[in-house]
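Asks: Letter 214 of the sequence shown, counting from 1, is numbered 836 in the numbering used here, and no numbers are missing. Idealized CB from N, CA, C, for every residue including glycine. Small disclaimer: the values here were computed from a predicted structure and weren't measured. Shown below is the structure under consideration.
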Amino acid sequence: MPEYIVMPKLGLTMEYGTVTKWMKKEGEVIKKGDAIAEITTDKITNVVEAYSNGMLGKILVKEGSNANVGEPIAILIKEGEKLDSIEIEKGKKQESLDSTKTEKGDRIKVSPIAKKIAAEFNIDLSLVTGTGPGGRITKEDVEDYVNEKKEKKEEPFEKTQESKTKIQREAKRIKLTGVRKIIAERMVQSVREIPHVTEHIRVSVDELHSLKDKLTTSLEIKLTFTDLIAKIVVESIKEFPLINTTLQNDEIIYLNDINLGIAVATEKGLIVPVVKNAGDIKFLELVNIIKELTSKAKDSKLSLDDLEGGTFTITNLGMFNIDSFTPIIFPGQTAILGVNTIYEELRYRDEKIVTEKVMKLSLSFDHRVIDGADAAKFLSILKRNFENPLKCFII
């Protein structure tokens, strides 16, 4: 029997992936476990491996093209099989799920997702140009058609305006896809489902700044403030476990493991790799894991395991000179800590005016689980540990 190499589902939210590179050519012999193609999703880049021995008979999705989850991207030919018979068999299997009839009775190829969107917008699919394999209509084709129809409806107004004013250059349009699209969907979900409240507190970081310099010298490694902040946050969560919970079916679940998400800004958008069991590891191990995950995030080499299971997240905008902000909670978590820039201010201490390094912390929390007083208690614990950090750092 022929085997169809399909677009794998590499995450719960994945609807489609992009074939970025074919590692085998048509006609090339393939062994079970061989890397066949490189697939890129909104989060990660992964490799599709051969299920069994055979020959790569035909590539159905070209490099740079998208395919929906479960859609065939190539055909694996076994000994004695012919490509023509395989194509016919494929057509019979896919006809009901992967095609539809027009009003004239003609059958056209269309993905299930594209068919669903077309039905929602009452679109005649015979008017849509398919860009998928064999002219198949994809989700993107239908979305582009919808956008074009909207733009055409606005044309008369635009032309009227042009007659009254100077012709302006056409605005740059970038389609919301990939990581940016997923971020948008999750943030809307979070704000819609979670009642956010944010509290801010100002902490002195003189001792933390001094400790960073001492640890850098004694350990002979380059440390960042994120490294130290991560350790302080983990130790503070141990003192206040309510912050490390999730709300499911009207139950507040106290989570045993502290899986710390560290937000990383990349060229593709915000990625949040997760340090698993952060409460059980020593400081040096924590530092090494953060460095490794940050590097993998910027190189688009994170695995699904690197991105899943977070229970509390830190997002640091201090390097951008942000004084304070309102971070949005990741769905499934109860709170998120925003870290802001370090600045100097004058303080009156011991009958003297002194300069002190200060930073604001911004804690957004789910008010269904955590009351304002509870959040204030956790911020007080953070403040104490930030201003007396030594006890948090057992190497």
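(1) Taking the alpha-carbon positions, what's the residue 647 to residue 678 distance?
(2) Can you tell me the Cα-Cα spacing of residue 850 and residue 1012, whole angstroms?
(3) So, with DSSP's three-state summary, where would you put residue 823?
(4) Would you kindly work out how many angstroms separate the C-alpha atoms of residue 1005 and residue 939, rounded to a whole number?
(5) What do you reckon, is the C-beta of residue 995 under 7 Å from a heavy atom of the ligand COA?
(6) Quick check: residue 859 and residue 868, are their CB atoms within less than 8 Å of each other?
(7) Are the stretch 891-902 and the stretch 963-974 in contact at 8 Å, needing three or more beta carbon pairs?
(8) Determine which residues share a DSSP beta bridge with residue 987 and list them.
(9) Are the stretch 989-1005 and the stretch 819-829 touching, with three or more C-beta to C-beta distances below 8 Å?
(10) Let's test the definition: count the other Cβ atoms within 10 Å of the Cβ of residue 910 and tell me whether it reaches 16, buried, or not, exposed.
(11) Can you give the Cα-Cα distance for residue 863 and residue 881, rounded to whole angstroms?
(12) Is it a yes or a no for the stretch 986-999 touching the stretch 957-969, going by three-plus beta-carbon pairs under 8 Å?
(13) So what's residue 933 in DSSP terms, helix, strand or just coil?
(14) Alpha carbon to alpha carbon, how far is residue 935 from residue 805?
(15) Excluding sequence positions up to five away, which residues of its chain have a Cβ less than 6 Å from the Cβ of residue 811?
(16) I'd like to check one pair, residue 636 with residue 693: are the Cβ atoms closer than 8 Å?
(17) Go through its chain and collect everything with a Cβ distance to residue 653's Cβ below 6 Å, but skip five positions before and after it.
(18) Give me the residue from 947, 977, 967, 975 with the minimum Cα distance to residue 984.
Replies: Reading from the atomic positions:
(1) 7 Å
(2) 10 Å
(3) Residue 823 falls in the strand class under three-state DSSP.
(4) 18 Å
(5) This structure lacks the ligand COA; in fact it carries no ligand of any kind.
(6) no
(7) no
(8) 819, 957
(9) yes
(10) exposed
(11) 13 Å
(12) At 8 Å Cβ cutoff, the stretches touch.
(13) coil
(14) If you take the alpha carbons of residue 935 and residue 805, they lie about 15 Å apart.
(15) 953
(16) no
(17) 675
(18) 947
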